[in-house]
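Peer 1: First the structure, which I've put down as structure tokens, then a few questions once you've had a look.
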Amino acid sequence: MATAVSTPTSTPAAPEEDTTQVVVLDAALLVRDECNAREHDTEPDEKLITSVKEIGVEEPISVRPRPDGTYGVFKGWRRAQAAQVANATAEAEGRPVRPVRAYVREDLVGRDGWTRFLSLVENDHREGMSARDTLRAQELALIDMSEVDRRTAAKALGVGRNAARQAKAAQKLDDATLRRAAAGGMDLEQTAQLAEVSDVRGAENRLLRALQRDHEEGGGRGHWDQEMALLRAEQADAEARAKAVEELKAAGIPLLGTVGYGQKDPSRPLAELTTGLGAPLTEDNHKGCPGHSARLDEEHRPVWHCADPAAHGHKVRPKPKQPKTEEDERRAEERARTVACNRAWKAAAGPRQEFVKRLVRGKTLPEEARQFAQRIVLDLPRFYGKWADKQRTETLALLLGAADPQKDAPSQVAASFPKNRFANVLFAQVAAAFEDTIREPKQFDTARMTHVYLWESPNPLQASYLLLLESLGQADNGSYQLSEVEQQAVASHRPNADSDSDSDASTEAEADDASADA
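For the sequence shown, our numbering assigns the number 157 to the initial residue and increments by one for each residue that follows.
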């Protein structure tokens, strides 16, 4: 019998089991180790018990000695239990009482994280371990490890440096969703991201479709990242609405609901009402009315209403009633489309800037990016000079990889780049100028003296920037894809798109300067 050891080892890495002595243990001394990764379905089935009754436990189990003389089983606990069941009935059934062969891992005493990791690897390679057990074991094992062990374990598991945090987040999902995520090919990070937006309706199916498209187009994450950006934007929008509703509730102001089909809505906005003497109604002078209420507009701002003006002595402002027309419906649809496209345009900035940051921090900047940056710096389009005059540095610091873009100076961050990566820094500066210029979807076009939406008509330089990133993402196994709204924006600027015969360089510069005045 092996002797229990209670002093933790300081060995930086656990030895392989084939270099550890195999000993024979009494099955009665075996207990489940608290760091066994399997927490569900731990009981042996009848098939396993029958096999152990006939031939015993063929493969050695793995145990740690415990101070009380027992041994904690972190690999093979179901086999150990089957041996205990078999031995309990051995005499009555005329069978021998069999001991169990085991690797006694004295080096793992006090090393709970690494023990849980080894148990996880063992169980993960076998069928039947639940996704939830796998996630919990990953989380606890990586948290309990030293930094050296954590790097080794993460590499063995094929997970990233944030695996423990991601495993904890992913456990928010129910078992059925975890199984579908695994079957769909989601890795740990993607499963955690699904958990992040799981309260958005349809998120799981949308992400699975995006993942499938990525797999079909080379295995990158371009479509996944764009879908996640949209889901986060929708989630933020829903949270903003929920906050607005809560604020109205806290103030004791009813939120008017949707009127059902065929029902008459007695409420009216205050802008359409007056007092009995014809004075305008406002939020302030209407607060004391029992009908004081609100609806939320597209940006979740309250539009003040009276729930029943007639009952509370208000008058409707004199105004000829206009029946709804097809034009009204078209305008309503256009408003809804504008809101959706604006949200999508802002959401697309996240994946786009993350891709630029990866390019900038890479060892070698693609030649296509270097030439693009060089052309902008030498041509000095007006938007670039105006951007420099504003001295905006936060986006540039972000793209250079600053830990705190709001505080870190880009020049200090760039100083950490080797000399041979000057082109990376140059591209970051040019990209930051574009990013700050196209941040807002609605801009004023001085050439046409009207507001335009970039998702409808970006200027040629802006489109060339987006098309450059699309090309670089495709060359990098699809690691970046333009979002749907960006594809819509650049459609007319693609090389094979129809263009006016007079779209020359001067026209491009004029359009660029017009947009830069926004």
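Cβ atoms here follow ideal geometry from the backbone N, Cα and C, with glycine treated the same way. Since this is a predicted model, take the numbers as computed values, not measurements.
Look up Phe-578 in the DSSP assignment and say whether it is helix, strand or coil.
Peer 2: Helix.
Peer 1: For Leu-181, which option in Ile-217, Arg-194 and Thr-333 has the closest C-alpha, if you only look at C-alpha atoms?
Peer 2: Ile-217
Peer 1: Considering only residues of the region 508–576, which uninterrupted alpha helix (DSSP H) runs meet the minimum length of 4 residues and lie entirely inside it, listed in chain order?
Peer 2: 523–535, 538–546, 550–556 and 566–570
Peer 1: Below 8 Å on the Cβ atoms is my contact criterion, and I expect Ala-675 with Arg-317 to pass it. Report the Cβ-Cβ distance as a whole number of Å.
Peer 2: Past the boundaries of the shown model lies residue 675; the chain is included only from 157 to 674, so the question cannot be answered.
Peer 1: With contact counted as at least three CB pairs below 8 Å, one residue from each stretch, are the region 383–397 and the region 425–441 in contact?
Peer 2: no
Peer 1: If I measure Cβ to Cβ from Leu-625 and keep anything under 8 Å in the same chain, skipping five residues before and after, which residues do I get?
Peer 2: Arg-508, Phe-511, Val-512, Tyr-636 and Leu-638
Peer 1: Do Tyr-227 and Val-260 count as a contact pair if the criterion is CB distance below 8 Å?
Peer 2: yes
Peer 1: Roughly how many angstroms lie between the CA atoms of Ala-323 and Ala-337, to the nearest whole one?
Peer 2: 13 Å
Peer 1: Using DSSP bridges, identify the partner residues of Asp-189.
Peer 2: As far as DSSP is concerned, Asp-189 takes part in no beta bridge.
Peer 1: Would you give the residue range spanned by the beta strand (DSSP E) that Thr-606 belongs to?
Peer 2: 606–609
Peer 1: Can you list the beta strand (DSSP E) stretches of 3 or more residues lying completely in the region 393–457, in chain order?
Peer 2: 448–452
Peer 1: In the DSSP output, which residue or residues are listed as bridge partners for Gly-358?
Peer 2: BP columns for Gly-358 are empty, so no partner.
Peer 1: Give me whichever residues DSSP pairs with Val-178 in a beta bridge.
Peer 2: Tyr-259
Peer 1: Pull up the distance between the alpha-carbon of Ala-406 and that of Pro-446, whole angstroms please.
Peer 2: 16 Å
Peer 1: Check the C-beta distance from Pro-676 over to Asn-498 and give it rounded, since I have them as a contact under 8 Å.
Peer 2: Because the chain is modelled from 157 through 674, residue 676 falls outside the range shown and cannot be assessed.
Peer 1: Check for me: the beta strand (DSSP E) holding Ser-218 runs from which residue to which?
Peer 2: 217–221
Peer 1: Buried or exposed: Val-304, going by 16 or more other Cβ atoms within 10 Å of its Cβ?
Peer 2: exposed
Peer 1: If we cut at 8 Å on Cβ distances, does Phe-573 have a partner in chain B?
Peer 2: Of the protein chains in this structure there is only one, and it is not chain B.
Peer 1: Less than 8 Å between the beta carbons of Pro-425 and Val-459, yes or no?
Peer 2: yes
Peer 1: For the region 399–414 against the region 365–376, do three or more pairs of beta-carbon atoms, one drawn from each stretch, fall closer than 8 Å, so that the two count as touching?
Peer 2: no
Peer 1: With respect to the alpha helix (DSSP H) encompassing Tyr-621, which residues constitute its N-terminal and C-terminal limits?
Peer 2: 616–631
Peer 1: Compute the Euclidean distance between the alpha carbons of Gly-432 and Ala-467, then round it to the nearest angstrom.
Peer 2: 12 Å
Peer 1: Which complete alpha helix (DSSP H) runs does the region 300–377 hold, if anything under 4 residues is left out?
Peer 2: 303–313, 319–326, 331–339, 344–352 and 359–372
Peer 1: Are there 16 or more other CB atoms within 10 angstroms of the CB of Leu-534, so buried, or fewer, so exposed?
Peer 2: exposed
Peer 1: What do you reckon, are the CB atoms on Leu-344 and Ala-319 nearer than 8 Å?
Peer 2: yes
Peer 1: Below 6 Å CB to CB, which residues in the same chain sit around Pro-680 once its five sequence neighbours on both sides are set aside?
Peer 2: In this structure the chain extends from 157 to 674, so residue 680 is not present and cannot be described.
Peer 1: Give the range of the beta strand (DSSP E) segment to which Lys-231 is assigned.
Peer 2: 227–231
Peer 1: Whose CA, out of Thr-271, Leu-334 and Ala-246, lies closest to the CA of Glu-190?
Peer 2: Thr-271
Peer 1: Between Asn-192 and Gly-518, what straight-line distance do the alpha-carbon atoms span, to the nearest angstrom?
Peer 2: The C-alpha of Gly-518 is placed about 40 Å away from the C-alpha of Asn-192.
Peer 1: For His-461, which three-state DSSP category applies?
Peer 2: strand
Peer 1: Whole angstroms are fine: how far does the CA of Glu-455 sit from the CA of Gly-418?
Peer 2: Rounded to whole angstroms, Gly-418 to Glu-455 spans 27 Å at the Cα level.
Peer 1: Specify the secondary structure class of Gln-391 as computed by DSSP and reduced to three states.
Peer 2: helix
Peer 1: His-289: buried (16+ other C-beta within 10 angstroms of its C-beta) or exposed?
Peer 2: Correcting the residue identity first, residue 289 is Asp in this sequence and not His. Asp-289 should be labelled buried.
Peer 1: Give the DSSP-derived three-state secondary structure of Gln-599 in the structure shown.
Peer 2: strand
Peer 1: In three-state DSSP terms, what is Arg-472?
Peer 2: Checking the sequence, you will find Val at residue 472 rather than Arg. Here Val-472 sits in strand by DSSP.
Peer 1: When DSSP labels each residue in this structure, what does Ile-594 get in the three-state scheme?
Peer 2: coil
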